[in-house]
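Each residue of the sequence shown is one higher than the last, beginning at 1 in UniProt numbering.
We put the beta carbon where it would ideally sit given N, CA and C, even for glycine.
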Amino acid sequence: MTKVDRLGLPGGRRPRKCRSNGEIGVTIVALDQLGSTDYARSVERTWERFISDRPIDDGAIREVVLKSWQRCQAFGVDPAQRTASANANKIYVQQGGWLNASVRAGLDDIASCLAETRSVAVVGDLSGTIFSVAGDRDLAEVLAFSSGIFAGANLSEHYGGTNAVGTALALGGPVTILGGEHFCQTGKAWNCSATVIRDPVDQSVIGVVDITNSATTPPMLTCACVTTLVERIQSHLVHQELFGRTRLIEGFFEQRHRSDEIVAFDRRGRIVKSTPGAKIDGFALREEEQIPGLDRDSIERWNFERLPNWIRPEYLSPVEMNGVLFGGIVRIPYGGPRRASAPPAIKTLSSGLRQLAEASPSLLAILVQAEQIASKRLPVLLQGETGTGKDVLAKAIHEASSVSAGPFVAVNCAALPRELIAGELFGHAEGAFTGARRGGAKGRFEEANGGTIFLDEIGDMPIDLQPYLLRVLEEGATSRLGESIQRRINVRVIAATNRPLEYDVAEGQFRSDLFYRLDGICFHLPPLRERSGDIPSIVRSILRTLTPAAETPPEVGTDLLEILSAHDWPGNIRELRNVLARIIALSDDELLDARVLQGRLGPRATTRRPESNGHMLSNVRENERKLILDAVAATGGSATDAAKAIGISRATIYRRLKSYRAAHKL
């Protein structure tokens, strides 16, 4: 018998090494040496002796292959099977979008390599279940029909015997399996190389990628292809991770308001961002802590059977894009399980707030707190999407306040031309500018003296004008343009925005001192899609306001309410009001049912309109840049601490900073 060393090389020759990839760690022996006829015959004889329970020669087969055969024998795998086990298809579960999106990007990059080598890329999840087969179509068909390799098949060693997919998962690293080295007849016509895909944060194995081609193809080709593919996938996973963390942080600030506890968690159930100092049900909501009851499997399927007492399913909302789930937000409203005292009954609220509570019961906790602070001079900041009723709440707070007898002056900061906004807010003296009114004019702050000024869309105020507003708020006095006289004012300030001002402050787009001055107490009005249970009562309330006082509002059929409740309402209450106004104008019936819509309701919207893949990828680098620079700044220029904070390597931090030409001394 030809002398064969433990790696299976004829004549005892030591293998050459193919070039190692530093990040992925794919180092495979020079497989061209393993493709010799002598080695193939040695493997065939050894396999026949092994499955017949006869002794085999030491070193007759590579150690990695022999150990795999031994595992397969212990599993009871049938070496004569020629297709994937029927049991494999029964446990098939469609792989989630998080890994799939990166796989698609990687496959696009190596499409030409697969075509040139007439190869097929096979990608599976942690269990070995295949969810993607791409590459040469003819070969893919042959693999499916002759070997049972297709999406849904399970190629773990337990089901598929020794093969690159299953053995790579068993080893947790790269491996190449030549035709005769497969344990089952299924794979003996194919060469395959595979390696695992790792989570970019905790480095746990999350999947496997394999390149398969004919056993007559030089095995070095499969080695090169699989190395390239896994590099692309891992790179995209890093970008996707950074993008996802950015979206989670944005979602945190979008939903954050002072009366609620907010927790943003990633797809592993780890806290990315939480309300500072938050502690619920004895559990400290610290960043990077694991939330009990939330694990990767339940999050990917968005199916939670075991949750802590302080998390109710209705408190959870996913953060996703293009089918990729990044994690979610837990928002525990004021009056939730963290608080022992129940809010007062609706009847204790003042008139305007009571009407809001009757129309939107889910807002009761917010409205109770609004009642409590209405009599105080605390500035109020209202946050929420356009059309959620921030202006209505502002007016109701004014009516419940100690200055309700005074004026309520509303100013839309986004609607005022830049060159006129200062004069509109603060007034002007006679002759202050061309076209100035004779005798001068009061500003809106003067008009609101003794009452409330409502600064709507405050986030759109030009940053160079913000210091003037800050001075008025701090000094309680205003000066008209063109004069130096200080006029004392006594004004309650309520501001509103559809922008996450905390994020704008971090980006330098809004002054932090002005934000803290306005943010005496903050209320977040959730979009209508997050409180669909309120829609029937909101509809009836709107119909009462749209119906003349002498008439009875029309009744609303159950079928119509179901349709209205199922719609996502991207325009929120404003859109709902417009739809109802059109329905009433065009209907003569006392009962409004689904027939009155007749296409007047737009197509069902989504909570967050998905961007195209191309647009998402074009934004990844910018989001990554912001995240890295913010982390470096927050950690005082420490690359090590910044890398730990966002879950990437220090070397990556240095490379990125070099490419950004950032002026940080690390």
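Delimiting residues of the beta strand (DSSP E) encompassing residue i
i           : result
T222        : Run containing T222: none in the beta strand (DSSP E); it sits in the alpha helix (DSSP H), P219 to Q255.
E261        : E261 to D266
G476        : It is not in any beta strand (DSSP E) - G476 carries neither H nor E in the DSSP assignment.
G328        : V324 to I332
C113        : Note, C113: premise wrong, no beta strand (DSSP E); alpha helix (DSSP H) at A111 to T117.
residue 681 : Given a span of 1 to 666 for the chain in the structure shown, any question on residue 681 remains unanswerable.
I494        : R492 to T497
Q383        : V380 to Q383
E320        : L316 to M321
G207        : V205 to S214
T558        : Not the beta strand (DSSP E): T558 falls in the alpha helix (DSSP H), residues T558 to A566.
S274        : I271 to S274
V579        : Segment N572 to L586 is the alpha helix (DSSP H) holding V579; no beta strand (DSSP E) there.
I521        : I521 to H524
A410        : F408 to N412
I177        : V175 to I177
Residue environment, residue i, which counts as buried when at least 16 other CB atoms sit within 10 Å
i           : result
D534        : buried
residue 716 : Since the first residue of the chain shown is 1 and the last is 666, residue 716 is not available in this structure.
F75         : exposed
N154        : buried
D57         : exposed
residue 672 : Because the chain in this structure spans residues 1 to 666, residue 672 falls outside the shown range and cannot be described.
P462        : exposed
G172        : exposed
G508        : exposed
P200        : buried
K376        : exposed
D266        : buried
Y654        : exposed
D136        : buried
P443        : For the record, residue 443 in the displayed sequence is Gly; it is not Pro. Answer is buried; the Cβ neighbour count reaches 16.
S351        : exposed
T129        : buried
P467        : exposed
P292        : exposed
T222        : buried
S156        : buried
K314        : Residue identity differs from the one stated: residue 314 is Glu in this sequence, not Lys. When all chains shown are included, E314 counts as exposed.
Q372        : exposed
S589        : The identity of residue 589 in the sequence shown is Asp, whereas the question assumes Ser. Result: exposed.
L469        : buried
Alpha helix (DSSP H) segment containing residue i, residue limits
i    : result
C72  : E63 to F75
H398 : K390 to A400
P536 : I535 to L546
T37  : T37 to I51
V196 : Counting along the chain, V196 falls outside any alpha helix (DSSP H), though it belongs to the beta strand (DSSP E) covering W190 to R198.
I373 : L364 to A374
A506 : L501 to A506
I489 : That residue, I489, is in no alpha helix (DSSP H); it is neither H nor E in DSSP.
I291 : No alpha helix (DSSP H) contains I291, which DSSP labels as neither H nor E.
G423 : I421 to F426
F183 : Note, F183: premise wrong, no alpha helix (DSSP H); not H, not E.
Q355 : S351 to A359
Whole-angstrom C-beta distance between residue j and residue i, which should lie under 8 Å
i    : j    : result
S479 : F426 : 7 Å
D464 : C413 : With 8 Å as the limit, D464 and C413 do not qualify as a contact, their Cβ atoms being about 14 Å apart.
G179 : A140 : Not quite, the Cβ-Cβ distance comes to about 18 Å (not below 8 Å), so this is no contact.
I211 : I197 : Rounded, the Cβ-Cβ distance is 13 Å, inconsistent with contact.
A194 : V165 : 5 Å
A121 : V230 : Their Cβ separation, rounded to whole angstroms, is 10 Å, which puts A121 and V230 out of contact at 8 Å.
C184 : G161 : 4 Å
V272 : E181 : Actually they are not in contact, since the Cβ atoms of V272 and E181 sit about 44 Å apart, beyond 8 Å.
G476 : H428 : At roughly 20 Å, the Cβ-Cβ gap does not stay under 8 Å, so G476 and H428 are not in contact.
A581 : L546 : 6 Å
Any non-hydrogen atom of the ligand ATP within 7 Å of residue i CB
i    : result
S404 : Of ligands this structure carries none, so the ligand ATP is not represented either.
Proximity test, Cβ basis, 8 Å: residue i and chain C
i    : result
R487 : Any reference to chain C falls outside this structure, which holds one protein chain only.
Exercise. For the region 563-572 against the region 380-396, are there 3 or more C-beta pairs whose distance is under 8 Å?
Worked result: Flag = yes, the region 563-572 and the region 380-396 touch.
Exercise. Do the region 443-451 and the region 407-414 meet, that is, are 3 or more Cβ pairs less than 8 Å apart?
Worked result: With the cut-off at 8 Å, the region 443-451 and the region 407-414 touch.
Problem set entry | Secondary structure, alpha helix (DSSP H): runs of 4+ residues fully inside the region 133-172 | Runs of alpha helix (DSSP H) with 4 or more residues, each lying fully within the region 133-172, are found at 137-147, 157-160 and 164-171, listed in chain order.
Problem set entry | contact_flag[the region 131-148, the region 258-273] where n(CB pairs < 8 Å) is 3 or more | Fewer than three Cβ pairs drawn from the region 131-148 and the region 258-273 lie within less than 8 Å of each other, which leaves the two stretches out of contact.
For this session: Please determine if the region 508-522 and the region 549-556 are in contact, where contact requires at least 3 C-beta pairs separated by less than 8 Å.
Result: Counting Cβ pairs under 8 Å, fewer than three are found: no touch.
Exercise. Which ranges would you report for the alpha helix (DSSP H) in the region 430-472 if only whole runs of at least 4 residues count?
Worked result: Counting only unbroken stretches of 4 or more residues, the alpha helix (DSSP H) elements lying wholly within the region 430-472 are 444-447, in sequence order.
For this session: Could you tell me whether the region 485-494 touches the region 321-330, where touching means 3 or more Cβ pairs closer than 8 Å?
Result: By the Cβ criterion, the region 485-494 is not in contact with the region 321-330, since fewer than three pairs of Cβ atoms, one from each stretch, lie closer than 8 Å.
Exercise. Quick check: the region 267-278 against the region 359-374, are there 3 or more CB pairs under 8 Å?
Worked result: When Cβ pairs closer than 8 Å are counted between the two stretches, the region 267-278 is seen not to touch the region 359-374, the count staying below three.
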